[in-house]
């Protein structure tokens, strides 16, 4: 018999933020007893709806105009000073992350490193970042429970 390959816990880039551990990678780490990787990772949530779309909330990809600075190019009256400040802030975080692997920098509120406490930055409707814990924790826990039950019944 060949030697078993170790289970590797990888970091992957999600759709809406810098690299974070995927749910599947976290689950494999826990199941195998493997420690979570020590590669610095950061997570954020945009909870700021595009003006005029507040009833929809911050929909998928709503962060793109803020990340890439489209607000200036679109020159739409719907965007406020809060939107422009938020865009400048998010652009700074992403630029720092691209340059150094760390989104934090001089003059920016500190974005926590993702780790055992699962801290992340949440950008609210007021445009201000707030440190929060366990993004979608209850939802992920429910899915993990369902997967555990399915795994046990299929064995």
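In the working numbering, the protein residues as written are 14 to 168. Where a beta carbon is used, it is the ideal one built from N, C-alpha and C, also for glycine. A quick note: this is a predicted structure, and the numbers were derived from the prediction, not measured.
What number of angstroms, rounded off, separates the C-alpha of residue 76 from the C-alpha of residue 68? The residue you call residue 76 lines up with position 63 of the chain shown. The residue you call residue 68 lines up with position 55 of the chain shown. Approximately 16 Å between the Cα atoms of the pair.
Tell me which residues share the same chain as residue 140 and place their Cβ nearer than 8 Å to its Cβ, disregarding the 5 neighbours each side in the sequence. Within the chain shown, numbered from 1, the residue matching residue 140 stands at position 127. For residue 140, where only same-chain residues beyond five positions count, the Cβ hits under 8 Å are 61, 95, 96, 98, 99, 102.
If you check the beta carbons only, do residue 64 and residue 93 fall under 8 Å apart? Walking along the chain shown from the start, residue 64 turns up at place 51. Walking along the chain shown from the start, residue 93 turns up at place 80. For residue 64 and residue 93, yes; Cβs fall inside 8 Å.
Counted within 10 angstroms of its Cβ, other Cβ atoms place residue 1 as buried (16 or more) or exposed: In the structure displayed, the chain extends from 14 to 168; residue 1 sits before or after that span and is not available.
With DSSP run on the structure shown, which of helix, strand or coil describes residue 104? The residue you call residue 104 lines up with position 91 of the chain shown. Residue 104: helix per DSSP, three-state reduction.
Report the rounded CA-to-CA distance for residue 127 versus residue 136, giving the unit in angstroms. Within the chain shown, numbered from 1, the residue matching residue 127 stands at position 114. Within the chain shown, numbered from 1, the residue matching residue 136 stands at position 123. Answer to the nearest angstrom: the Cα atoms are 16 Å apart.
What does DSSP give as the partner residues of residue 133 in its beta bridges? Along the chain shown, read from residue 1 onward, the residue named residue 133 stands at position 120. DSSP, once it has assigned bridges, lists 145 as partnering residue 133.
Per DSSP, what are the beta-bridge partners of residue 59 in this structure? Counting from one through the chain shown, the residue named residue 59 turns up at place 46. 136.
Cutoff 8 Å: residue 134 Cβ touching any chain B Cβ: The displayed structure is made up of one protein chain only, and chain B is not part of it.
Quick one: using the 10 Å Cβ neighbour count with 16 as the cut-off for buried, is residue 121 buried or exposed? Residue 121 sits at position 108 when you count from the first residue of the chain shown. The residue is exposed, with fewer than 16 neighbouring Cβ atoms inside 10 Å.
Rank 156, 138, 152, 117 by C-alpha distance to the C-alpha of residue 56 and give the top, closest one. The count along the chain shown starts at 1 and reaches residue 56 at position 43. Closest option to residue 56, Cα to Cα, is 117.
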